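Once you know that position 65 of the sequence shown is 64 in numbering that gives the first Met the number 0, the rest is easy, because the numbers rise by one and skip nothing.
Each remark here refers to the structure printed beneath this line.
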Amino acid sequence: MKTIYIVRHAKSSWDYLSVKDHDRPLKERGINDAHLISKFLAKTITRPDVFISSSANRALQTGIIFCENFGYPMANLKISKQLYSFSDGYLIKTVKALDDGFDSAIIFSHDHGINTFVNKFGSKPIAHVPTCGVVGIQFKEKHWKDIKKGTTSLVEFPKYHK
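This is the structure we're talking about:
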């Protein structure tokens, strides 16, 4: 069995107009939500085998906070430029290319690709994954490359914890 946790990056700041989209940092609310959700999950689920983040600053900052609260070595956080895409194609390719030695993974990415992915591969329709929302999907397949429709096993949004 394989389990994927998909995390939409936490709330980012638009305060710096001269900053490129790729480089936007988290807002204070985003930082707080990332700590809130990751601390909850660290007590609720088994730590995923691998952490992978989009190279965008806001996703990377979210991933670093999750690493900290899960006790996952930040030096092992994998960074993927391809996940800085607003389609589900790169997210699907990233998941299907995971090493079969990993039974679970957590991926930090962006809005459009995430919504499409969780509805295509999960069993529970989700209209919109909000910032710092996490969706877990379990697959019966032994190999990541073979995943098909799975079972949505976890849906956690910051609003559920405030």
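For glycine and all other residues, C-beta sits at the position ideal for the given N, C-alpha and C.
If you're wondering where the values come from, they're calculated on a predicted model, not measured in any experiment.
I'd like to confirm the pairing. Which residues does DSSP put opposite residue i in its beta bridges?
i, result
"Tyr159", "Looking at the DSSP assignment, Tyr159 forms no beta bridge with any residue, so it has no partner."
"Lys147", "Note: Lys147 sits in no beta bridge, so no partner."
"Tyr4", "Ile105, Gly135"
"Ile51", "Lys77, Ile106"
"Val154", "Val134"
Do residue i and residue j have their C-beta atoms within less than 7 Å of each other?
i, j, result
"Ile5", "Val134", "yes"
"Ala126", "Thr61", "no"
"His47", "Ala104", "The amino acid occupying residue 47 in the given sequence is Pro; His does not appear at that position. Yes, the pair counts as a contact, with Cβ atoms nearer than the cut-off."
"Tyr71", "Phe101", "no"
"Thr117", "Arg7", "Inspection of the sequence shows that residue 117 is occupied by Val rather than by Thr. Cβ atoms of Val117 and Arg7: not closer than 7 Å."
Give me, in chain order, the residues of the same chain whose beta-carbon lies closer than 6 Å to that of residue i; leave out the 5 immediate sequence neighbours on both sides.
i, result
"Asn68", "Ser37, Lys38, Ala41"
"Asp32", "Ala9, Cys131, Pro157"
"Ile146", "Phe138, Glu140"
Whose C-beta lies closer than 8 Å to the C-beta of residue i among residues of the same chain, with five residues either side of it excluded?
i, result
"His21", "Ser54, Ala55, Asn56, Tyr83"
"Arg23", "Ser11, Ser12, Trp13, Tyr15, Ala55, Asn56, Arg57"
"His109", "Arg7, His8, Ser53, Ala55, Ala58, Leu82, Tyr83, Ser84, Phe85"
Would you report the Cα separation of residue i and residue j, rounded to the nearest angstrom?
i, j, result
"Val94", "Ile44", "19 Å"
"Lys144", "Tyr89", "13 Å"
"Lys80", "Ile63", "16 Å"
Over the uninterrupted alpha helix (DSSP H) stretch that includes residue i, give me the two end residues.
i, result
"Val117", "110 to 120"
"Ile63", "56 to 69"
"Gly29", "27 to 43"
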